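Structure, as structure tokens:
In our numbering, the protein residues as written are 4 to 356.
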């Protein structure tokens, strides 16, 4: 890859960190494997493509300092800074897994909706610890080795640290998080429970359909990123479409009241649409035309009755063998011998006379 595509090159130094290997592209920029120049500590490092995201990254870092709460699927940032091009970067622990945006290609519809439910669960656990999400950047969502959702908690801040107290910096949010913001949410603030449901509901619509915004008629026509949508029963497809539209309704009164309501609605839909497979690949497209199967060969017609056996043809008559040629009968030889003797005797008598 070019350095412009990966926002750096191996060996670059960002503060005390050294870029080792480009890892994956993300909506906000590019993930790298990096290491500490002195200790050799292995980390993940996200370089943002937009210099304008620097203010938001620094604000999020300030809001996450000293977080005591730990969870196996939540990682807190370790460091941040800016490179020579004034592009911000954030350093995260080396979690196993891959970015969510990299693992969507083979994920089934059920799997994608389960990720949304897992995100709701993580955010609800964070709320119990007095933490709220002030922006939702898909770049910070990962999938672990057990296909569980993981969150890089750059935007989880204490509820009392409201952005309204930050003066002119209150409107700073990352570029990749802007499409998921509720119309009623003050930029940089956590917002109401319905606003939280809007963010996650917008993410759900993107995971299912591959689109951020509805079509002109208000529907969410599926893109080619998830052909499995087309294999759903019409009533299941309509129900899911209605669920996604409610989640991002402009009127907060029409949305799910909170993350619990959103997760329950998704779970209910999954229970009703029992035919949605849990595997990793999309289901066959029953709605698409397919080639007609070849017709089986017609069986041979059965005879009306069993055929009558015909007599075997007679063999042609065999000619008798030719007689073996034989010599004269024995009496012939006797007569001939007698004549010879008589002639011999007559000749001897004639000679003596």
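Yeah, the Cβ is synthetic: ideal placement off N, Cα and C, and Gly gets one too. Since this is a predicted model, take the numbers as computed values, not measurements.
Worksheet item: Can you tell me whether residue 24 is buried or exposed, with buried defined as 16 or more other CB within 10 angstroms of its CB?
Response: exposed
Practice prompt. May I ask which residues mark the beginning and end of the alpha helix (DSSP H) holding residue 237?
Written response: It spans 237-250 - the alpha helix (DSSP H) in which residue 237 sits, taken as one unbroken run.
Worksheet entry | Sequence-distant residues of its chain with Cβ nearer than 8 angstroms to residue 44 (five each side left out) | Cβ within range, chain order: 38.
Worksheet item: Does DSSP put residue 200 in a helix, a strand or coil?
Response: helix
Worksheet entry | Cβ shell of residue 104 (< 7 angstroms), same chain only, five flanking positions each side left out | 29, 30 and 141
Fill in: Rounded separation between residue 15 and residue 126 - CA only
35 angstroms
Worksheet item: Going straight from the alpha carbon of residue 136 to that of residue 200, what length do you get?
Response: The straight-line gap from Cα to Cα measures roughly 11 angstroms.
Worksheet entry | Element boundaries [alpha helix (DSSP H), containing residue 153] | Segment 152-155 is the beta strand (DSSP E) holding residue 153; no alpha helix (DSSP H) there.
Worksheet item: Using the beta-carbon count (16 or more within 10 Å), is residue 205 buried or exposed?
Response: That one is buried.
Worksheet item: Using the beta-carbon count (16 or more within 10 Å), is residue 109 buried or exposed?
Response: exposed
Discussion item. Assuming residue 45 is part of the beta strand (DSSP E), what are its boundary residues?
Written reply: 45-51
Practice prompt. Would you mind reading off the limits of the alpha helix (DSSP H) that contains residue 121?
Written response: 112-131
Worksheet entry | Simplified DSSP assignment, three categories, for residue 78 | Correct three-state label for residue 78: strand.
Item to complete: Assign residue 133 to buried or exposed, taking buried as 16 or more other Cβ atoms, counted over all protein chains shown, within 10 Å of its Cβ.
Response: exposed
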